[in-house]
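Take any residue in the sequence shown, count from 1 to its spot, add 89: that is its number in the working numbering.
Cβ atoms here follow ideal geometry from the backbone N, Cα and C, with glycine treated the same way.
Have a look at the structure below before the remarks.
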Amino acid sequence: MGLKLQYLGWASFLFTTPKGTNILTDPFLDGDGELGIPATPVDYMNLDIDLIAASHPAEDHFGQAVKILKNSLKTKVLGDHSTLIISQAGGVEAQRCELTTAGATYIEGDMKIKAFDACHIALGHLPDGGLITGEPLCYIMSCEGCPTVFFGGDTSITMDMKLWGEVYKPEVAIIGIGGVDLSGRSLDEMDPEDAAICCRLLGVKKVIPMHYRGEDYLARFKAALAKESPECQCVAMAYGETVQL
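Shown next, in the form of structure tokens:
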């Protein structure tokens, strides 16, 4: 039995390990019409979640995290200082807030989650309207007998990916290939062409694109991937879809 992966939407994936550990990434699930992001079709408030692994506290990545954490008292959150400060300010108990930073490894059940610096900025909103900045992260997630997965969060292209590929040898990458709509302008932290280069740098054999709006982005990514890393398979998932890795 391998690693089960369900795509909830945007940058949110539910990982289920062979031993039943459930880890959710970046739960922005209610969508935002102004940003051009649809809501998930999944009833996420009834999911069994052991840990939320947050890349950073931006609204389009951390949107419903506190809501989930307050609804499920067994669920913990893993993230940088800013992510945990926002969680606690929203009413989540400190003992359920697990700190990580670049280079640190956190173990949840049979899953190892190693954090790395994302090439981005962590900017989140406090309940009183204030802003807080922090350390944006990406993760390499591994468990015995399953493919190692790179989860990019909001990272842009960086040569660090070549090092991570050589040292940690991820087999699957989950990376953004687009961005949100800002008054008609797309804010793409990593465009499809850069994302294809990242697959080559990481040396992955399979990629799951995320964080994009529209089939044109996907078509551009597939075309670029065929040039940059032709041996890498693109697995484009629909919201709510589940695959076995």
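Could you pull out every residue in the same chain whose Cβ sits closer than 7 Å to the Cβ of glycine 179, ignoring the five residues on either side in sequence?
-> Within the same chain, glycine 179 has close Cβ partners Val155 and Pro216.
Would threonine 172 pass as a contact of proline 146 if the rule is Cβ separation under 9 Å?
-> Proline 146 is positioned such that its CB atom lies closer than 9 Å to that of threonine 172.
For the putative contact between serine 161 and isoleucine 138, defined by C-beta atoms under 8 Å, what is the C-beta separation to the nearest angstrom?
-> About 6 Å separates the Cβ atoms of serine 161 and isoleucine 138, confirming a contact at the 8 Å cut-off.
Residues of its chain near glycine 168, where Cβ-Cβ distance is below 6 Å and the 5 sequence neighbours each way are ignored = Only Ala143 meet the Cβ criterion.
Reducing DSSP to helix, strand and coil, say where aspartate 121 ends up.
-> When DSSP states are grouped into helix, strand and coil, aspartate 121 belongs to the strand group.
In the DSSP assignment, what residue or residues form a beta bridge with histidine 214?
-> Partner(s): Leu220.
Could you tell me if methionine 299 is buried or exposed, where buried requires 16 or more neighbouring beta carbons within 10 angstroms of its beta carbon?
-> Around the beta carbon of methionine 299, a 10 Å sphere encloses 16 or more other beta carbons of the protein chains shown; the residue is thus reported as buried.
Take the Cβ of glycine 335 as the centre, count every other Cβ of all protein chains shown within 10 Å, and call the residue buried at 16 or more, exposed below.
-> Outside the shown range of the chain, which is 90 to 334, sits residue 335, and nothing can be said about it.
How would you write the range of the alpha helix (DSSP H) that arginine 309 sits in, first residue to last?
-> Unbroken alpha helix (DSSP H) run through arginine 309: 304 to 317.
Three-state secondary structure (DSSP) of serine 275 | Strand.
Between leucine 124 and leucine 271, is the Cβ-Cβ spacing less than 9 Å?
-> Yes, the Cβ-Cβ distance between leucine 124 and leucine 271 is below 9 Å.
So which of Asn111, Gly219, Thr331 and Ala284 has the shortest CA-CA distance to valine 166?
-> If we check each option's Cα against that of valine 166, Asn111 comes out closest.
To which residues does DSSP link lysine 163 through a beta bridge?
-> DSSP lists no partner for lysine 163.
Please state whether DSSP places tyrosine 301 in a helix, a strand or coil.
-> Reduced to three states, the DSSP call for tyrosine 301 is coil.
CA-CA distance, glycine 219 and cysteine 321?
-> A direct Cα-Cα distance of roughly 43 Å separates glycine 219 from cysteine 321.
Could you name the residues of the same chain whose beta carbon sits closer than 8 Å to that of threonine 194, not counting the 5 residues immediately before and after it, in chain order?
-> Lys201, Ile202, Lys203 and Ala204, listed in sequence order.
State yes or no: is the C-beta of threonine 247 within less than 9 Å of the C-beta of cysteine 288?
-> In this structure, threonine 247 lies away from cysteine 288, with their beta-carbon atoms at least 9 Å apart.
From the DSSP output, read off the bridge partner residues of glutamine 95.
-> BP columns for glutamine 95 point to Leu103 and Thr331.
Identity of the residues DSSP links to glutamate 282 by a beta bridge = According to the DSSP secondary-structure assignment, glutamate 282 is paired through a beta bridge with no residue.
Between the beta-carbon of lysine 242 and the beta-carbon of threonine 114, is there less than 9 Å?
-> Note that residue 242 corresponds to glycine in the displayed sequence, not to lysine. Contact: yes.
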